[in-house]
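Numbering-wise (the numbering used here), the sequence shown opens with residue 869 and increments by one. Comments concern the structure below.
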Amino acid sequence: MKRSVLVIIILLSVGLRGVALSWLDYDMVLAPWPWLATDNPAALVTYQPADSSQRLVADAAVGMVTGHGHLAPLEASPHEWNVKGTARAVFRSSSRVVMRGGMDYHHRWGSDACGSVWMEPGQMPFDIVEYTDSTRGNIRQERYGLNGAVGVSVGRGLSLGGRFAYASGSSTKQKDPRHTNSLMELDVRAGVMWQHSGWVVGAAYLLRRFTEAVQFRTYGRTDRTYGYLVDFGATYGRSETTDGKGYTSSDNEKPLLDMRHGLAIEAGYHRGIYSVGGEWRWHHRTGHYGVQSPSFVDFNKHHADCWSLAGWLQRSTADNLFKINFNWTHENLRDYERTYAIVSREGVSDIEYFDDRLSGKRQSYSYRVSLQAHWGIERSLAAWQARVQVDYRNDDVTSVVYPYYRLQRVHATSVSADVVRSWLVAGDRVWSLVAGALWSRGGGTPAADSTFGTPADGNTPPALLTETLMRRHEWLVAPRLGASLGVRHSFPVGKYVRIYADARYGYTHAWNIEYCRGNHRHRASLAVGCQF
């Protein structure tokens, strides 16, 4: 089915083209149009093809990525494979209408997996982690995505746009304690943009609904109890078992819902070969974990405000492109445990909720600055491309199991760079060599524990996983170096299609490793695709 959809997209796109393909690099065709990277779908109308063959630009590929080595996040596998397929396209159908869309499929499987039960642990308000490494097992995940957007010029410099994206996924761990996950994500955006005398202003409404449901199961020995840590942050929280009635009970599937409503505002100016612009984004997120019904418990709820600011300065000519990008993000998250009691009235059990208790809060900041240069551009192929990027992130975490609490501060800085050299040779063939490098290190305090007062006799101390805490901290802050090499070759097939193959290999090595199970990671990828 997925293969059939991809073939249909390619055939329709080739049929729409009508003129011979003259461009050589999909990403380079779109690189001079920075507004296409914003959250406003009305900005699609800023795309102005250089010639008739660029009215439609499309790319489709299938490939595999594999990673091996124990220098990986807790939720990753030391040996994993990911088969993926992607298709993407931009189409200016008329002087007023521009459309953009894509689809993707990922099938990941790994061995010796443990850690978080979530498919997307990085964006969750809290985590659920297996209590021991002895329950490591195989894991399989699938994910599908589909998106489409349209921008329409309505006159006098005004444009309107809309975007819809849908993603679904599933995950299964194949060893006790088992868990089966299902994921669904909807992303809707509507925007307006106005252009006049080089000035650009716009605004967009953003809506995102994300749900990941998890079902805990045990298929093996029924006399054995398995444990989890409900992690409110910094590997600090409550212990749960599969035969209990809490977060990890196996009596029903438990969804985590996250809703986001937001606003994006854009402004910029361009004159001649220079352009400057930026986008400010804000969204408010709310959600809960559990089922909101009289028969099942709603265990947890959260809310957060997130801000971000992105800006760029660009110089673009026919044969050169230079760009400076800046990005800043901040999130202020609060997570609460719900206190409740099961009350029976006239033979009917009901759940009565009391005050919510703060269980965690997280302040996150991140900064990114990148410099990009493309020169020797001919037929949308740069003879040289270079990029240097600096990232910084800081997380301040407070986890509470009243009256106990833990503070954690972690920061990390990384610098990455890559260079691409391309040659256009006889037969309209293109060869490209890619080289990259990475340096990263961090620091901070993994844990500082204290209490709000003297604990009473009935207070249960928090559950701790010290080795897991230190392994996560080490993964974030350990100094490391990485290097990568790659080669890409493309050639025409007829007048309307280019076939390409891309192979890459990367290696990362870390120092001062004590808790992670290894100090290195290998990564290799191979992709075959076409541009049309």
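C-beta: ideal position from N, C-alpha, C; glycine also. Here the structure is a predicted model, which is why all the values come from computation and not from measurement.
With respect to the 8 Å criterion, residue 1249 and residue 893 are classified as neighbours on the basis of their beta carbons. Taking a contact as a CB-CB distance under 8 Å, the pair residue 889 and residue 1363 counts as one, their CB atoms being some 7 Å apart. Straight-line measurement puts the Cα of residue 1062 at about 36 Å from the Cα of residue 1011. Between residue 1030 and residue 908, the CB-CB gap reaches or exceeds 8 Å.
Your pair residue 954 and residue 969 does not check out as a contact, with CB atoms roughly 12 Å apart and the cut at 8 Å. Residue 1000: not part of any beta strand (DSSP E); DSSP gives it neither H nor E. The C-beta separation of residue 935 from residue 1348 comes to about 15 Å, leaving the pair out of contact by the 8 Å criterion. Cβ-Cβ distances below 6 Å link residue 991 to nothing in the same chain once the five nearest sequence neighbours on each side are left out. Residue 959 has its alpha-carbon roughly 27 Å from the corresponding atom of residue 1130.
Taking a cut-off of 8 Å for Cβ pairs, the region 1363-1373 and the region 1381-1398 touch, as three or more such pairs fall below it. Taking every protein chain shown into account, the CB of residue 1068 has 16 or more other CB atoms within 10 angstroms, so this residue is buried.
Counting along the chain, the unbroken beta strand (DSSP E) around residue 1211 starts and ends at 1188-1213. Among the bridge pairs identified by DSSP, residue 1038 is matched with 1010 and 1050. Beta-bridge partners of residue 1171 (DSSP): 1154 and 1202. Here the alpha carbons of residue 963 and residue 1236 stand approximately 36 Å from one another.
Residue 891 has its alpha-carbon roughly 16 Å from the corresponding atom of residue 1185. Under DSSP, residue 1122 shares a beta bridge with 1082. Bounds of any beta strand (DSSP E) do not take in residue 985, whose DSSP letter is neither H nor E. Going by C-alpha positions, residue 1215 is about 13 Å away from residue 1163. Between residue 1220 and residue 1208, the C-beta spacing is below 8 Å. Taking residue 1179 as the centre and dropping the five residues before and after it, the same chain places the C-beta of 1146 and 1194 closer than 6 Å to its C-beta, in chain order.
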